[in-house]
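Everything on this sheet refers to the single structure shown next.
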Amino acid sequence: MVETVVSSALPVDELLSIKKNRLEPEHQSGREKRICIVTGTHGDELEGQYVCYEVNRRIQAHMENLRGIVDIYPALNPLGVDSITRGIPKFDLDMNRIFPGNKEGSMAEYIASEIVNDIDGADLCIDIHSSNIFLKEIPQVRISEETAKKLVPMAKYLNVDFIWVHSAATVLESTLAHTMNMRNVPTLVVEMGVGMRITRQYCEQLVDGIFALMREEEIWDGEVQQPREPVVSTDGEVSFINAEASGVFIPTVEHWKNVKKGDPIGDIVQPLTGKILHHIDSPVDGEVFTLREYPVVYEGSLIARILGGIKR
Amino acid sequence: MTKEVLFRIEAPYRDELRVHGYRFGKGDKAACIVGAMRGNEVQQLYICSQIIHTLKELERRGCISSGKEILVVPSVNHFSMNIGKRFWPSDNTDINRMFPGYNEGETTQRIAAGVFENIKDYSYGIQFASFYMQGDFIPHVRMMDTGYQNPSLANLFGLPYVLIRKPKPYDTTTLNYNWQIWETSAFSVYTNATDRIDEKSADQAVASVMRFLCRMGLIKYYGHSGYIASVLEEDELMSVRANAAGIFRRLKGPNDTIRMGEVMAEIIDPYEGDVTMQIVAPTDGIVFFAHNEPLVLENTVVFKVIRRLHK
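Chains G and V, in that order, are what the protein sequence lines are. Take my numbering: the final residue in the first sequence is number 312, and no numbers are missing along the way. Take my numbering: the final residue in the second sequence is number 1311, and no numbers are missing along the way.
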């Protein structure tokens, strides 16, 4: 059943509503587990839209297999998704930097607090992101070191290629995932694909994983696929490549492919003069799990991230 | 005075970005003043231009103390200002949330790192900032509660109020916060304008900086003594919210005295013109912050009030 989590009036004849669809078994014991699938915090990240659709579709096709409660929130920032805006229109702060929100704060902070209250008490939450318009990512789960022991075993069911255990940063304490994890709602952050696009293959891969995890958590009793074995890595095994010139990046490497140290990654070129401004070689052996998608770069723009020492 | 490029970065299709610094005096790194960090901070740019104008005249008259250096950086993000954006043109990131920066990181991290390298290590840091909520303030000095803050120094600006803010996680990447962590006494000065020039409050801001520099022994300047500030904790301010959306008719502004029950604003139906809601003062006090847009969203803080204070 579609429910409104929170709503707030806009100035002229419009109501902003954050909605979720609750799917639940017809007969309940009262001890059902609850999973929340949330996405659309950043309005330019759309991969989660297909994931929400497909999870909805597959469950509703076989409601007899549903054992728990599934809450699907396709758009935490509906104004952003609708207007192709990463943030909340007319609000300075990134929505994923204002959690747990504040009932006495701005409208955005008020909404954030109501979202947190609605998810609170769930047994599990999956927060789906899709990078941004600049970078393409392989399906991965990102977990902070402090929650790794609890979350890595769960993340392995999600059928992703990579689990990145990263160090904690103070600024990340204001994310939805950190907030929910601190409230004992295990929350997994998925990153995959690229902004403003839907990569159907990645979405279906994740949906298979969500069903595998739901089966493990006794929320789903239908057939599921065996999840693939992800690479689990820490910050120390990830190499960053940033642009050392401003121009147009032309990749010569494919996403999620092996490279050897010294192999070409791409060139930053200058259309006006026909010159190569920066020829980029891989600094390590490994796999390119992040690759620049948007061609125009400034000095410092992230070009690629390479997971070192991995061979497939 | 010397004018120099503190940091530069090339753009793929535009002129290079040059961040300029104006140095007055020679010697100890005494004070650093930073202006527009965002593209709409025109008032902040203007104030810095007037400070540079004033310091040039003081230097000509030999009024900069010997052995002391003052650095003024009027603008960091004019790339955005020149095209009418608030944040960095390509990726919309906020340079003021990238400090202390990272010189091998993303573009705005590199800009922050390149600027911070030049502006850290000063005894005093003054930033003209703007707030993430749209509205007008009583001119005040704002400090982060990092454990290193010194409100009695902030009082030397002679502005009516000093506000102490407990930092939230997203504040830990601002210039003010990082200045303090690097042992600079950091102050953010807020006036009552951002994307327009308010001459009166700009003059007040320039005078407050001159007063501070004079009291710290960095310049010779004969000015008015200003106020002995009331020091406020941000958490003590009372928020007044709009519980309806529509056209916002403000009846009270910054520094106005209010009485409990007095009407502070009206919300008007945008089609029919009826007053749909009156926003009533929940306490006696003084308006510290007031929403300044013609439209208002439901559940928005439209006023912050200093409770039970009289002028």
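For every residue, glycine included, the Cβ atom is placed at its ideal position computed from N, Cα and C. Treat the numbers as computed from the prediction; the structure is a model and nothing was measured.
Go through its chain and collect everything with a Cβ distance to residue i's Cβ below 6 Å, but skip five positions before and after it.
i	result
W1182(V)	K1120
V1073(V)	G1021 and V1034
H129(G)	E45 and E191
F1007(V)	V1019, G1114 and V1115
E137(G)	S131, E191, M192 and T290
V160(G)	P139, Q140, V141 and P230
I276(G)	D267 and V269
H1140(V)	L1159, Y1161, L1163 and Y1190
M1081(V)	G1039
S1185(V)	Y1124, N1150 and L1153
G247(G)	I268, V269, Q270 and L277
V1231(V)	P1151 and V1162
Y1170(V)	none
D285(G)	K260 and K261
Would you say the beta carbon of residue i comes nearer than 7 Å to a heavy atom of the ligand MN?
i	result
S1049(V)	This structure lacks the ligand MN; in fact it carries no ligand of any kind.
How close, in whole Å, do the beta carbons of residue i and residue j come, if the pair is a contact with beta carbons under 8 Å?
i	j	result
I1312(V)	V1305(V)	Because chain V spans 1001 through 1311 in this model, residue 1312(V) falls outside it and cannot be assessed.
S1130(V)	E1041(V)	5 Å
S1208(V)	F1289(V)	With a Cβ gap of about 19 Å, S1208(V) and F1289(V) do not count as contacting.
G1261(V)	V1280(V)	6 Å
P1012(V)	V296(G)	6 Å
V194(G)	E293(G)	5 Å
At a Cβ threshold of 8 Å, is residue i touching chain V?
i	result
D86(G)	Here residue 86(G) turns out to be Arg, not Asp, going by the sequence shown. Taking Cβ atoms only, chain V reaches closer than 8 Å to R86(G), which makes this a yes.
I37(G)	no
G314(G)	Because chain G is modelled from 1 through 312, residue 314(G) falls outside the range shown and cannot be assessed.
R183(G)	no
S106(G)	yes
R312(G)	Low local confidence applies: a pLDDT of 49 at R312(G) is under 50, so the model's placement there is unreliable, with the coordinate-based value given in what follows. So, not an interface residue.
F92(G)	Sequence check: residue 92(G) is Asp here, not Phe. So, interface residue.
Q251(G)	Contrary to the premise, residue 251(G) reads as Pro rather than Gln in this sequence. So no, P251(G) is outside the interface.
S131(G)	no
N242(G)	yes
V296(G)	yes
L10(G)	yes
I303(G)	no
T170(G)	yes
S174(G)	yes
S246(G)	yes
Taking CB distances under 8 Å as the criterion, tell me whether residue i reaches chain G.
i	result
R1110(V)	yes
A1244(V)	yes
Y1132(V)	yes
D1091(V)	yes
Y1227(V)	no
P1254(V)	no
Y1170(V)	yes
I1342(V)	Beyond the ends of chain V as shown, which are 1001 and 1311, falls residue 1342(V); an answer cannot be given.
E1104(V)	yes
I1247(V)	yes
P1282(V)	no
L1295(V)	yes
Sorted by chain position, which residues of the same chain lie with C-beta nearer than 8 Å to residue i's C-beta, five sequence neighbours on each side aside?
i	result
I18(G)	T4, V5, V6, S7, Y73, A75, L76, P78, I111, E114 and I115
R312(G)	Confidence is the limiting factor: at R312(G) the pLDDT is only 49, short of 50, which leaves the residue's position unreliable, though a coordinate-based value still follows. The answer, listed in chain order, is N258 and E287.
V51(G)	I37, T39, I128, C203, L206, V207 and I210
R1014(V)	F1079
In chain order, what residues of the same chain have a beta carbon less than 7 Å from the beta carbon of residue i, not counting five sequence neighbours either side?
i	result
I59(G)	L23, L66 and V70
L15(G)	S7 and A9
C1048(V)	I1033, G1035, V1072, P1074 and F1128
A1202(V)	Q1043, Y1046, I1047, Q1050 and T1191
Taking contact to mean 3 or more Cβ pairs, one atom from each stretch, closer than 8 Å, check whether the region 30 to 44 of chain G and the region 60 to 73 of chain G are in contact.
yes
Is the number of C-beta pairs between the region 1279 to 1296 of chain V and the region 94 to 101 of chain G that are closer than 8 Å three or more?
no
Residue ranges of each alpha helix (DSSP H) run of no fewer than 4 residues wholly in the region 1077 to 1111 of chain V, ordered along the chain?
1078 to 1081
Inter-stretch contact (C-beta, 8 Å, three-pair minimum) for the region 228 to 237 of chain G and the region 161 to 173 of chain G:
yes
Taking the runs of the alpha helix (DSSP H) that are 4 residues or longer, which of them lie wholly in the region 232 to 285 of chain G?
none
Tell me the start and end of each unbroken alpha helix (DSSP H) in the region 187 to 219 of chain G that is at least 4 residues and wholly inside, in chain order.
200 to 216
May I ask you to verify whether the region 1130 to 1148 of chain V touches the region 1191 to 1206 of chain V, counting CB pairs closer than 8 Å and requiring at least 3?
yes
For the region 1101 to 1173 of chain V, list the beta strand (DSSP E) runs that are entirely contained and at least 3 residues long, ordered along the chain.
1124 to 1128, 1135 to 1137, 1140 to 1144 and 1161 to 1165
Touch test, the region 236 to 247 of chain G against the region 84 to 95 of chain G, Cβ-Cβ under 8 Å, three pairs minimum
no
Can you confirm whether the region 268 to 288 of chain G touches the region 1023 to 1034 of chain V when touching is taken to mean that 3 or more C-beta pairs between the two stretches lie within less than 8 Å?
no
With three or more C-beta pairs closer than 8 Å as the rule, is the region 1041 to 1058 of chain V touching the region 1239 to 1246 of chain V?
no
For the region 295 to 303 of chain G against the region 1093 to 1109 of chain V, do three or more pairs of beta-carbon atoms, one drawn from each stretch, fall closer than 8 Å, so that the two count as touching?
yes
Give, in chain order, every unbroken run of the beta strand (DSSP E) that is at least 3 residues long and sits entirely within the region 44 to 129 of chain G.
69 to 73 and 124 to 129
Contact residues within the region 1297 to 1308 of chain V, judged by C-beta distance below 9 Å to chain B
You won't find chain B in this structure, because its protein chains are G and V.
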